[in-house]
Structures are given as structure tokens and as C-alpha cells.
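Going by the numbering used here, the first residue of the sequence shown is number 7, and it counts up by one from there.
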Amino acid sequence: MQFITDKMVLFVICLALYLFSYPDSYSPVHILAFIILTCLCTYTENQRIRLALFLLALGICQYFPPCLFLMPLVYYDILYEIYGNFVFLLLIPLLMNFTEYHTITYILILMLFTLATFLKHKSFQYSKMIL
Numbered sequence: 007m008q009f010i011t012d013k014m015v016l017f018v019i020c021l022a023l024y025l026f027s028y029p030d031s032y033s034p035v036h037i038l039a040f041i042i043l044t045c046l047c048t049y050t051e052n053q054r055i056r057l058a059l060f061l062l063a064l065g066i067c068q069y070f071p072p073c074l075f076l077m078p079l080v081y082y083d084i085l086y087e088i089y090g091n092f093v094f095l096l097l098i099p100l101l102m103n104f105t106e107y108h109t110i111t112y113i114l115i116l117m118l119f120t121l122a123t124f125l126k127h128k129s130f131q132y133s134k135m136i137l
């Protein structure tokens, strides 16, 4: 239950920053795509499927750079898992779309990923304490 609560908090923050930074007519499509990816990551127990969904989300972020604001939702699921070493691939959309972002945008995106890491670590420690 703790993981779902953390994801809801992260979703609200990511959604607010995404809509504030990039208001667009296609924003609902991007938001629904990432909600579906996040729900599938939460639902499945297979680590390979989670990795595939993470890579799919990276592909979406490569073609639609503002979607990187929503990427911490999928990042949260792959962190502390078997394929958690693949998180370095997040650098690809950031570096390839360098001209799409301002400095404040980079700072906000890094803060979102830091928040997702902190929330996952907190929940992971909490679940270890209960067990």
C-alpha cells in the first residue's frame, strides 16, 4: 500500500509540473499513455516486462521530449529491481533533446527523479522493516 501512495504523490507532482511547463492539446494522450504504462508496471510481477515498459517509456520520451516530466512514474517501478542498472538509459532522452529544455527544466526533471528515488528508498526500507 505504501508504494501506491508514493506513486500517487509522485503522479500529482509530475502532472502539475508537466501541465504547467508544456500545455499542449495532446497532453491528455501523453498523460494517459504514462498512466497505462505505470499501471502495467505496478500490476505485473515479471521483471522483463517491467524493463520492456521502461524502454517503451524511454522511446516515448525520445520522440516527445516533454514526456520526460512523467518518466519518474515508470522510473519508480524499475528502481531497486533486478534490471535497475538500466536507469542510466534516462540520459539518452536528456542528452539527445538538449535544445528542447531550459536550465530550469533540467533542474525540475532532476528533482523529480531525486524525489522518486527518495520515495522508493523510503518505501523499500519501510517494507523491509515490517517483514
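All residues carry an ideal CB built from backbone N, CA and C; glycine is no exception.
For residue j and residue i, the rounded distance between their alpha carbons
{"i": "I110", "j": "P34", "result": "23 Å"}
{"i": "K128", "j": "T50", "result": "22 Å"}
{"i": "M117", "j": "E106", "result": "18 Å"}
{"i": "H36", "j": "M135", "result": "36 Å"}
{"i": "L21", "j": "G90", "result": "24 Å"}
{"i": "L23", "j": "F9", "result": "21 Å"}
{"i": "L97", "j": "E87", "result": "19 Å"}
{"i": "F124", "j": "G65", "result": "25 Å"}
{"i": "K52", "j": "I41", "result": "Strictly speaking, residue 52 in this sequence is Asn, with Lys absent from that position. Each residue's Cα considered, the two are about 18 Å apart."}
{"i": "Q68", "j": "Y132", "result": "34 Å"}
{"i": "K13", "j": "F130", "result": "13 Å"}
Environment of residue i [buried if 16+ CB atoms lie within 10 Å]
{"i": "V80", "result": "buried"}
{"i": "I115", "result": "buried"}
{"i": "L95", "result": "exposed"}
{"i": "F75", "result": "buried"}
{"i": "T44", "result": "buried"}
{"i": "L101", "result": "exposed"}
Start and end residues, alpha helix (DSSP H) containing residue i
{"i": "F70", "result": "From DSSP, F70 is part of no alpha helix (DSSP H); its letter is neither H nor E."}
{"i": "H127", "result": "109 to 136"}
{"i": "M77", "result": "Per DSSP, M77 belongs to no alpha helix (DSSP H) and is neither H nor E."}
{"i": "F17", "result": "8 to 27"}
Whole-number beta carbon distance between residue j and residue i, since they are thought to touch under 8 Å
{"i": "R56", "j": "I84", "result": "6 Å"}
{"i": "C47", "j": "L59", "result": "5 Å"}
{"i": "P78", "j": "Y28", "result": "That belief does not hold up - the Cβ atoms of P78 and Y28 are roughly 15 Å apart, past 8 Å."}
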